[in-house]
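S.K.:
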Amino acid sequence: MRTKHAADHDELLSVGEAAELLAVHPDTLKRWERAGRIEALRTPTGHRRFRRRDVEHLLARSAS
145 MRTKHAADHD
155 ELLSVGEAAE
165 LLAVHPDTLK
175 RWERAGRIEA
185 LRTPTGHRRF
195 RRRDVEHLLA
205 RSAS
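Going by our numbering, the sequence shown opens with residue 145, and the numbers climb by one from there.
#1: Can you tell me where the alpha helix (DSSP H) holding residue 161 begins and where it ends?
#2: Which partner residues of residue 186 appear in the DSSP bridge assignment?
#3: Looking at the structure shown, is residue 179 part of a helix, part of a strand, or coil, going by DSSP?
#4: Could you check the C-alpha separation between residue 191 and residue 201 for me, to the nearest Å?
#5: State the CB to CB distance for the pair residue 193 and residue 165, rounded to an integer number of angstroms; the pair is presumed to be in contact (CB under 8 Å).
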């Protein structure tokens with residue numbers, strides 16, 4: 145589910161979409177979020193959403 149965040153217009157990615165971009169299992173991404181490695185936003189129903197820029201930043205850090 146790709147949406148735009150109303151406040152800053154960042155593209156938001158679901159756990160599956162973000163995990164696919166990072167080439168990790170969704171559980172790994174959730175573990176990274178709990179460890180503070182990446183921030184997740186929550187929908188009103190409690191689902192995680194990740195900012196594309198945060199995912200890309202994490203991807204760039206892991207590539208270097």
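Positions of the beta carbon are idealized from the N, C-alpha and C atoms, including for glycine.
M.R.: Walking through what the data contain:
#1: Numbered from its first residue, the sequence shown carries residue 161 at position 17. That run of the alpha helix (DSSP H) goes 159-166.
#2: Working through the sequence shown from its first residue, we reach residue 186 at position 42. DSSP lists 192 as partners of residue 186.
#3: Within the sequence shown, the letter at position 35 stands for residue 179. Three-state DSSP puts residue 179 in coil, outside helix and strand.
#4: As a position in the sequence shown, residue 191 is number 47, starting the count at 1. As a position in the sequence shown, residue 201 is number 57, starting the count at 1. Each residue's Cα considered, the two are about 21 Å apart.
#5: Along the sequence shown, one-based indexing puts residue 193 at 49. Along the sequence shown, one-based indexing puts residue 165 at 21. Contact flag wrong, Cβ pair sits at about 13 Å.
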